[in-house]
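Read through the structure below, which is laid out as structure tokens, and then see the notes.
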């Protein structure tokens with residue numbers, strides 16, 4: 421039963437979908453050239469003040485720029501997925517900048533509507549080789565304490581992933 425749940429979970433992952441994994445790779449390359457280091461599939465903690473009830477949310481891509489600002493990218497490769505996503509506004513409480521990451525050719529017109537807060541959200545178009553920021557994300561500064569928590573969580577996740585990569589038996593059991 422758990423294996424089926426894990427399979428369903430990974431099927432929804434942007435890394436499991438080849439088109440989404442291409443977009444992730446292109447954005448990570450774009451970010452790396454610009455001093456932004458990121459991790460895919462970063463779990464987010466619910467914020468009591470934001471009224472979040474689910475702790476199962478994950479940022480498709482979360483990173484830190486050279487100035488210590490937290491960036492989240494939500495990857496969408498299909499119009500239906502974009503239009504059906506109602507959880508993304510919660511991600512704004514976890515970052516200083518928020519981007520939509522989409523493949524070339526996806527109709528981006530919904531991202532211009534008021535429902536998608538174009539004045540607060542950037543857009544990156546990417547493929548498996550590179551990405552381009554077509555609409556910059558404005559800075560929406562997190563409170564210093566919130567930023568510290570997010571950066572520490574990102575650092576711990578990166579360190580944990582690196583340790584497990586070097587020694588698969590090091591995987592935590594909790």
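Numbering (our numbering), first residue to last: 421 to 594.
Virtual Cβ for every residue (Gly too), placed ideally from N, Cα, C.
- Between the region 555-566 and the region 447-460, the count of C-beta pairs closer than 8 Å stays below three; the two stretches do not touch.
- Collapsing the DSSP output to three states places residue 585 in a helix.
- Residue 503 sits in a helix when the DSSP states are folded into three classes.
- If you look at residue 544, you'll find it in the beta strand (DSSP E) that goes 541-546.
- DSSP, reduced to helix, strand and coil, places residue 553 within a strand of the structure shown.
- Residue 521 and residue 493 do touch by the CB rule: their CB atoms are close to 4 Å apart, below 8 Å.
- The C-beta distance from residue 540 to residue 512 rounds to 7 Å, short enough to meet the 8 Å contact threshold.
- For residue 591, there is no enclosing beta strand (DSSP E), as DSSP marks it with neither H nor E.
- DSSP places residue 521 in the strand class (E or B) of the three-state scheme.
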